[in-house]
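As structure tokens, the structure follows; a few thoughts come after it.
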Amino acid sequence: MRLDVRSLALAVALLAGSLPALTQQALAQQALAQSAPAPAAPPADAGAAPQATPPAAAPEATAPAEAPFRHATSLLGEPKYPPDFKHFDYVNPDAPKGGAVRFSETGTFDSFNAIIPRGAVAAGIGLIYDTLTTQSRDEVATAYGLIAEGLSFPADFSQVTYRLRKDARWQDGKPITPDDVVWSFDVITKNSPGQAFYYRHVKDVQKTGDHEVTFTFDQGGNRELPQIVGEMMVLPKHWWTGKDGAGKARDITQGTLEPPLGSGAYRIKSFVPGRTVVYERVPDYWGEKLPVNVGANNFGEIRYEYFRDETVEIEAFKADQYDFRVESSAKNWATAYDFPAKAEGRVVLETFENRASGVMQAFIPNLRREKFQDQRVRRALNYALDFEGMNHTLFFGQYTRINSFFSGTELASSGVPKGAELEILNTVKDKVPAELFNRPYTNPVYGTEEQRRSNLRAAFELMKQAGYQVKGKQMVDAKGEPFTIEILINSPAFERVALFYKPGLERLGIQVSVRMVDSSQYINRVRSRDFDMIIAAWGQSLSPGNEQRDYWGTESARREGSRNYAGIANPAVDALIDKVIYARTRDELVASTHALDRVLLWNDYVIPAWTLRFTRTARWDRFGRPATLPKYSFEFPTIWWFDAQKSARIGAAPQ
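In this text, residue positions in the sequence shown follow our numbering: the first is 45, and each later residue adds one.
Spelled out as structure tokens, the structure:
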């Protein structure tokens, strides 16, 4: 189960701890490419890979028996809320409407088209669109009807039918129809390689009634498919196939700065290309009184202001130029908020525990390059990273090192495999490192001079075993070619991290350069796999599934639009991904994910970095919130509201 648009950026960048994992543009693209998904797709790959073979556990789709319609669906049991629920427990149904909230973004934007994998999509574009279903925030992997009033699927999950609400409307008053859904699926999968891969098991989408649309899958047993197609962004066919104000035909395959027609609670009010975009609440929003929307969408305006420089961005916050920021820098959290408004209580610093997702943030070598293909080389690079020194010097001791691709969740492997996990690993025993069966995975530990020397000796030995040696203080291969690494970054915040790692690598005789490029160039180079090493992250939900193929699957290693940044292509990993996707119970899912995690770790595909199980936030104290926030998200600004009394006390925001 992929994370939804609203939470993906937080899961990837904020959970990661100290620094943003990707540029805002890349995150927006990743999120839209996933959700609309997710915008543009993340870094692209060239070439094609063989089609993965479904596991024996995946049954062929059969003619489904008649199944009842339901108001919600959950991957982890029964939904919490009954069909006649009035609102989610965590909202204030009487929350006041109005006021404004202002956010910052780093970089720029040049398009409002969230479908194509090109350009930088404007922040917040998902606010204007509704989807067939929406997630609750006090449950895991549970979806309730939004555009759809109900859904129906057979026991083998071989298809799903969504029944649309008769009163669902676009913002121009026209009804949302099954034709819109069918057309949206077609254009999204044709124009977004990431979406095409994600939904490749959908073999047919058809209008099956005046208000019904049916997705038919090419196999049964994939429990996620009925739910994830409900998360797809639905687009207005009549608008995109029509003409603009100048009489020119619109083109869904091209970027555009014409504000698009939506169906959601917000629409674009105004914008300055590359600098500002303002969304306003739709006064006659069709879904205003739906139970899933009661107490939500409370702000009259939501504004995004773009900054090119991160130092200017935080100073703008202190000058009350925007209201809310998630602080992803440990240094800033420790030193940047000692200013009068904070001392006077007008600015509030607050942390929120991250319970809904895990993360792997890491230095990621590009395995498509021959020098990184030997696992011993990659392990040596891990031995060269002095995390303890980095944490003390750069991060003020705030972080812990990541030791799992599902860090911070019950899905993270630990100890040695046993029980169901061991049984699963035995099915790929001849294709995985033998050590993982009798030794826990650990990262090298620094802290003392003795540990430093020991780690460097281990690194030298691994490089030697891989065919490298030191000549004239340079690590060279059998041909005498120097081992070099260029660490590609797009942020000054990452520069200090990369520069801290550099001396450890240079002690091994590796020549290291740190290359900082602008956001557009960074995105293009990562898409084209033109890098030695990057620093990035993968967010994980508590119910992993089909997105794992996009992260680590062989087919995604060369495919344009995948998030397989490292280029992992391993048949054992493919087999374990299938175990995760086709798990029939929660216990089987957990055991399969443990096995997948362990195999990824023991192949040393990445050099794990750092994490923090809290999201650090700073805000001007102008806002109210429900007495009890949902378990899995603090949901700002969705269920918060503008508090006029608080705002008057601290002073009006500058216009």
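Using N, Cα and C, we set each Cβ at its ideal position, and we do this for glycine too.
Predicted model, so just to flag it, every value in this text is computed and none were measured.
Start and end residues, alpha helix (DSSP H) containing residue i
i       : result
Phe-241 : 237-242
Gly-524 : Unbroken run through Gly-524: none, as it is neither H nor E.
Glu-432 : 431-437
Gln-215 : Element bounds for Gln-215: n/a, residue is neither H nor E.
Tyr-545 : 536-551
Glu-493 : 493-509
Trp-330 : Where Trp-330 is concerned, there is no enclosing alpha helix (DSSP H), given that its DSSP letter is neither H nor E.
Glu-632 : 630-646
Trp-596 : 591-596
Arg-663 : Careful: Arg-663 lies outside any alpha helix (DSSP H), inside the beta strand (DSSP E) at 658-664.
Ala-116 : No alpha helix (DSSP H) contains Ala-116, which is instead part of the beta strand (DSSP E) from 116-118.
Pro-615 : 615-625
Tyr-427 : 419-427
Segment limits, beta strand (DSSP E) that includes residue i
i       : result
Lys-39  : Coverage of the chain is limited to positions 45 through 699, which leaves residue 39 absent and any answer about it impossible.
Ser-585 : 577-585
Ile-312 : 310-316
Trp-283 : Taken as a continuous stretch (DSSP letters only), Trp-283 belongs to no beta strand (DSSP E), being part of the alpha helix (DSSP H) at 281-284.
Val-556 : 555-560
Leu-176 : Here Leu-176 belongs to no beta strand (DSSP E), and DSSP marks it neither H nor E.
Glu-302 : First-last for Glu-302: undefined, no H or E at that position.
Tyr-323 : 320-325
Status (buried if at least 16 other CB within 10 Å, exposed otherwise) for residue i
i       : result
Pro-681 : buried
Lys-515 : exposed
Ala-653 : buried
Phe-383 : exposed
Ala-158 : buried
Val-356 : exposed
Gln-271 : buried
Thr-672 : exposed
His-638 : buried
Pro-698 : exposed
Gly-265 : buried
Val-489 : exposed
Leu-63  : Only weak support is given to the placement of Leu-63: the predicted model assigns it a pLDDT of 35, under 50, and the question is left unresolved by the model.
Leu-480 : buried
Val-56  : Its pLDDT being 34, under 50, Val-56 is placed unreliably by the model, and the measurement read from it follows with that caveat. That one is buried.
Gln-69  : Note that Gln-69 has pLDDT 31, beneath the 50 cutoff, so the model's placement of it is unreliable and no number is given.
Lys-623 : buried
Ala-72  : Note that Ala-72 scores a pLDDT of 31, beneath 50, so its modelled location is shaky; the value from the coordinates is reported in the next line. Classification for Ala-72: buried.
Asn-534 : buried
Val-570 : buried
Gly-695 : exposed
Gln-298 : exposed
Ala-101 : Unreliable placement is indicated for Ala-101, whose pLDDT of 43 sits below 50; the coordinate value is still reported in the next sentence. That one is exposed.
Asp-216 : exposed
Lys-333 : exposed
Asp-562 : exposed
For residue i: DSSP bridge partner residues
i       : result
Lys-515 : Gln-518
Ala-144 : Glu-345
Pro-409 : Met-577
Leu-673 : Paired residues: none, contrary to the question.
Ile-533 : Met-560
Gly-668 : Trp-685
Trp-654 : Arg-445
Glu-149 : Tyr-350
Pro-219 : Arg-213
Ranges of the alpha helix (DSSP H) found wholly within the segment 349-407, counting only runs of at least 4: 354-362, 374-379 and 384-387
May I ask you to verify whether the segment 188-196 touches the segment 244-251, counting CB pairs closer than 8 Å and requiring at least 3? No: the two stretches stay apart, fewer than three of their Cβ pairs being nearer than 8 Å.
Would you say the segment 590-610 touches the segment 555-567, given that touching needs at least three Cβ pairs under 8 Å? no
If you pair each beta-carbon of the segment 521-532 with each one of the segment 430-447, do three or more pairs fall below 8 Å? Contact between the segment 521-532 and the segment 430-447 is not established, with fewer than three Cβ pairs separated by less than 8 Å.
Which runs of the alpha helix (DSSP H) spanning at least 4 residues fall entirely within the segment 455-485, listed in chain order? 463-470
Is the segment 666-678 touching the segment 485-500 in the sense that three or more CB pairs, one from each, lie closer than 8 Å? The answer is no - the segment 666-678 does not touch the segment 485-500, with fewer than three Cβ pairs under 8 Å.
Counting pairs of beta carbons, one from the segment 339-350 and one from the segment 319-329, are three or more of them closer than 8 Å? yes
Ignoring anything shorter than 4 residues, give me the alpha helix (DSSP H) runs that lie fully in the segment 247-295, in order along the chain. 269-272 and 281-284
Touch check for the segment 218-236 and the segment 538-558: three-plus C-beta pairs under 8 Å? no
Jot down the residue ranges of each uninterrupted beta strand (DSSP E) in the segment 179-210, minimum 3 residues, whole runs only, in chain order. 186-189, 192-196 and 203-208
Does the segment 381-396 come into contact with the segment 204-214, if we say contact requires no fewer than three beta-carbon pairs (one atom in each stretch) closer than 8 Å? no
Any contact of the segment 393-404 with the segment 641-660, i.e. 3+ C-beta pairs under 8 Å? yes
For the structure I just gave you, are there three or more beta carbon pairs, one from the segment 369-385 and one from the segment 620-634, closer than 8 Å? no
Taking 8 Å as the threshold, find out whether the segment 281-295 comes into contact with the segment 253-265 through three or more Cβ pairs. no
When the Cβ atoms of the segment 303-318 are set against those of the segment 165-181, are three or more pairs found closer than 8 Å? At 8 Å Cβ cutoff, the stretches touch.
Within the chosen definition, does the segment 399-406 reach the segment 580-587 through at least 3 CB pairs nearer than 8 Å? yes
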